[in-house]
Ligand code: HEM
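Numbering (my numbering), first residue to last: 6 to 161.
Next up, the structure:
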């Protein structure tokens, strides 16, 4: 089950990235084209947020009770989290970065419900989603990231 949950967590990254890029393109087009707000866009923003929140729950489980969870792992004598590249990444950098990104995705989706002009909705959502995308790209354990790197796709 543990492996399945990590695989699901890993796979969801692609779903979030695709939905986030679509959300960014649509909010940019809406903002620049001064378009009336479309319910279809709100739906895509909602799906982006839902997939991010599911990934968050799976991540919290990995962080607490996974293979390298803070409750299930005892660090070797003399090793401090912040001095160890692997544990600093999985216990601090990755969770903090991703939680921040998910907050931005939630704020972006929240613009759909805000009582502001359609142009402001699209503009602010665009900024929130773009910031989230940058943080996600910077904190995913991509295969080229040395000791913390993981495969492009689960099970590879
Ligand atoms: C948008 C949100 C997130 C994305 C896209 C994401 C992405 C990933 C990816 C691609 C991996 C590598 C999985 C593999 O081994 O193939 C991973 C691992 C991990 N993530 Fe996340 N993550 C997110 C949020 C979080 C959060 C919020 C936490 C903690 C609170 C978290 C904790 C972890 C942990 C502990 C691992 C290592 C699991 C293990 O190897 O046993 N993640 N994440």
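Virtual Cβ for every residue (Gly too), placed ideally from N, Cα, C.
Values in this document were obtained by computation on a predicted structure and should not be read as measured data.
- Under the DSSP assignment, residue 54 falls in the alpha helix (DSSP H) whose first and last residues are 44–70.
- In the structure shown, the three-state DSSP call for residue 147 is coil.
- In terms of Cα proximity to residue 152, the closest of 95, 69 and 108 is 95.
- Under the 8 Å Cβ criterion, the region 32–50 counts as touching the region 123–137, having at least three qualifying pairs.
- For residue 134, the closest alpha carbon among the candidates 67, 147, 27 and 122 is that of 27.
- By the criterion of at least three beta-carbon pairs nearer than 8 Å, the region 66–78 is not in contact with the region 104–113.
- Excluding sequence positions up to five before and after residue 12, its CB lies within less than 7 Å of the CB of 159 and 160, all in the same chain and listed in chain order.
- Taking 8 Å as the cut-off, one finds no heavy atom of the ligand HEM near enough to the beta carbon of residue 44.
- Taking every protein chain shown into account, the CB of residue 6 has fewer than 16 other CB atoms within 10 angstroms, so this residue is exposed.
- When the Cα atoms are used, residue 69 and residue 140 turn out to be separated by approximately 22 Å.
- Across the set 8, 24, 16 and 10, the C-alpha of 24 shows the shortest separation from the C-alpha of residue 137.
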